[in-house]
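Chains as they are written, first to last, in my numbering: chain A, 914 to 1112; chain B, 886 to 1575. Backbone N, C-alpha and C fix where the C-beta goes; we use that ideal spot for every residue, glycine too. Accompanying notes for the structure given below.
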């Protein structure tokens, strides 16, 4: 029977060498997905991913077990991502000469498009889908960090509002306000989506 | 309805952001108000776009391993910089000079004490090292280290013999940086780790050799990697996700210290699909070259040929190419590539083996499987041991790469010179051979049973020395034929064809498209029936048919052509007589005759023939008497010249034990009566010279 997150973190604190690895494996995809949505850059998301788990490893002693481990993990990840992106925004942006300028969003867009491309052999559909995703991703990026965090955690990562509040270290009402404002903004930014295509 | 719901209210309701009371109020309103319901639907539709980003990306194994390793390390020391006022540098310089003049003796003393500290450093290092030895490595990621440079090697002896022993790097041989252990290794192997802790992951390949068995969609991969072994038991992880590697064919062999390193088993951990872990018992520590061998699918090669006919169409220049395609899911860099020409038999399809959820087909099977032990490694099964893997041969030369060809048991081996990088999804075409002035024959064939009313052109030659070929078999592939139309070397496309595998000394016949300039037209001139035979009741039960045919061959080309006309008669009982024209014929098979003739340039030639076919009882008039052999149990064979009235073929079970001397009968027909004698076909009697 699989051990719970809390049992694993407890085992890790007791010196069980395998427990931490199991936690990383368990949340790898979910956390990476969150970080890619936050940062729009897979490379950067992987850096945040490593930094998050490094902090989890170091701060394991401080996990009190009052909330769920998942909320705690995402709270660290959210802080890492927000700090990282703020730092980055202060630095001049470097563009790789090898980067494909047609598709700067090489994170989830790229992986998702690759999957779609496998499913669909129609290059036109693939191109349309890529563009649609880019537009949605751009809309998300325009949200302030905390609104984006709240929305991604609840909508994509499946956390309840209460868990989001724990992860963000604020009250339930604040989370709802963040999400409401995010949705309100998105309602204006998102393209009309009808019948599988965006108008 | 007094007032409609606002957009904000609808969003809050849809995403459950409103209070319970407000939600209930909104729900009540929506139940009654159609326009608001419609607007809610629009909002839902709007936010459907968010689902486009629902795809969950996959964290790579490498990222997870790196994360676990990095998390275990101490965080880097942060260095904070501060902006120095310009005067600080000047002040510091003054203080430094003043201090230097005043405290030179002190400086000397401090230098001495520093030397002492430096002298103590190895001991300190030793302690740190000893501590590191005691702490189990969380993850052995060799991948991150440079594979081109040997890793610094640890002399484990010094830890065992006493902490005071200093590391003596000078006594180490530069060539062999692997240190031996004197400690004993626990006999009981550790349990397979459930996670990636304490694993040696595969570093990059040092070199790789791929042997492509095209006929079976099978490629043998032999790759060499330098693995860093530590004392005792080592787990090595190998993943084949998204590739077409057959996990049941995996083999691992050390190339050095073979007596001190034992690959004990290959396990397939549960829940972790498409990865295997080797358990290696090592008596040495350091970097050891290993050879990993496995079968994969998805790599194939095809042969292509370009034939250029001379202007007189009597010779052809043949150029051969091979194209190697890689769809195996794995990139092969700087791979020595070898191609196998020939058919082989496989029990399983490698691609199917690779895609199985469990390596041995069923859940629970193959876990902790010891098939590896005592099994002959693939590398020994590999047919060619005379070609060691070439190490990196350096930059590719400008000249065309040679493809070396050699015979190999049942197959033929083509080795591409040097190394090739074939990334996944890529193909690469390489020249194979070029032979000029091969004598060829053009032949125009007409056979209604095969090509209807079309005349098909064939170009043929033989794969032998006389035709400047014959060194190797010619692999099957696509041939494109061109013809040189003038002295300037301009070409015209004649047609394309597929050829099958052509062994040495065998004929090659290239089929080209239907000829437009050579037309053949058979015409039935006359039909008669005669020689009727009647049964006892007076009904017809036998007759002959006599047909008179005229065949017109019209050659509008500027070259004379050779023509072959095949005519079928739908019965094996026929006789034929040429009645006009310069043509010869021969019996092609039981029911067909083949006419050959040469037609001059821009000439129409006509030949005629009469064919008599026998039907019903008249067939007997056509037959010759059949020799009958009676074979007894004592192996004596008697032959009778008597004609047998009942000529129906009788097939019975052939019992080899009873008639061992006539085993060859199976090659012809196993015909046996139940009365201990056989009816032997005439051809067999001839072969035995009875």
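Closest by C-alpha distance to residue 1465 of chain B, out of B:1171, B:1493, B:1318 and B:1395, is B:1493.
By the Cβ neighbour-count rule, residue 897 of chain B is buried, with 16 or more other Cβ atoms within 10 Å of its own.
Counted as a single uninterrupted DSSP element, the stretch harbouring residue 1122 of chain B is not any alpha helix (DSSP H) but the beta strand (DSSP E) occupying residues 1117–1124.
Listed as beta-bridge partners of residue 1368 of chain B by DSSP are B:1194 and B:1377.
For residue 954 of chain A, no CB of chain B lies under 8 angstroms from its own CB, so it is not counted at the interface with that chain.
Boundaries around residue 926 of chain B are those of the alpha helix (DSSP H), 919–932, since no beta strand (DSSP E) includes it.
Spanning the alpha carbons of residue 1159 of chain B and residue 1121 of chain B requires a straight line of approximately 14 angstroms. For residue 959 of chain A, the chain B residues whose Cβ falls inside 7 angstroms of its Cβ are 948, in order along the chain. In summary, the residues of the stretch 1074–1091 of chain A whose CB is separated from some CB of chain B by less than 7 angstroms are 1089, in the order they occur in the chain. Within the stretch 1044–1061 of chain A, contact with chain B at the beta-carbon level (separation under 7 angstroms) is assigned to 1045, 1046, 1049 and 1050. Within its own chain, the residues whose Cβ lies closer than 7 angstroms to the Cβ of residue 1124 of chain B, once the five positions on either side in sequence are excluded, are 946, 1159 and 1160, listed in chain order.
At a C-beta separation below 8 angstroms, residue 1104 of chain A has these neighbours in chain B: 934.
Collapsing the DSSP output to three states places residue 1142 of chain B in coil. DSSP, reduced to helix, strand and coil, places residue 1352 of chain B within a helical segment of the structure shown.
Close CB contacts of residue 1443 of chain B within its chain, under the 8 angstroms cut and outside five residues either way in sequence, are with 1486 and 1487 (chain order). At least 8 angstroms separates the beta-carbon of residue 1052 of chain A from that of residue 1092 of chain A.
Per DSSP, the continuous alpha helix (DSSP H) segment holding residue 1036 of chain A begins and ends at 1036–1054. Checking the DSSP bridge columns, you'll see residue 1058 of chain A has no partner listed.
Assignment of beta-bridge partners to residue 1114 of chain B by DSSP yields B:1171. Per DSSP, the beta-bridge partners of residue 1478 of chain B are B:1452 and B:1472. Boundaries cannot be given for residue 888 of chain B, as no alpha helix (DSSP H) includes it and DSSP labels it neither H nor E. By the C-beta density criterion, residue 889 of chain B is exposed, having fewer than 16 other C-beta atoms within 10 angstroms. Apart from the 5 residues on each side of it in sequence, residue 1147 of chain B sits with its Cβ closer than 6 angstroms to the Cβ of 1166 in its chain, given in chain order. Residue range 1326–1332 is occupied by the beta strand (DSSP E) that includes residue 1331 of chain B. For residue 955 of chain B, the chain A residues whose Cβ falls inside 7 angstroms of its Cβ are 963 and 967, in order along the chain. When the Cα atoms are used, residue 1431 of chain B and residue 1463 of chain B turn out to be separated by approximately 13 angstroms.
The DSSP-derived three-state label of residue 1412 of chain B is strand. Taking 8 angstroms as the Cβ-Cβ cut-off, the stretch 915–929 of chain A has no residue approaching chain B.
Linking residue 941 of chain A to residue 1366 of chain B through their CA atoms gives a straight-line distance of about 57 angstroms. Contact annotation: in the stretch 895–926 of chain B, residues whose CB is within less than 7 angstroms of a CB in chain A are 896, 897, 900 and 902. For residue 1087 of chain A, the enclosing alpha helix (DSSP H) has its first and last residue at 1085–1102. Residue environment for residue 1459 of chain B: buried (at least 16 other C-beta atoms within 10 angstroms of its C-beta). For residue 997 of chain A, no beta strand (DSSP E) run applies; the uninterrupted alpha helix (DSSP H) run containing it begins and ends at 982–1003, by DSSP. Chain B has no Cβ within less than 8 angstroms of the Cβ of residue 989 of chain A. Residue 1218 of chain B sits in a strand when the DSSP states are folded into three classes.
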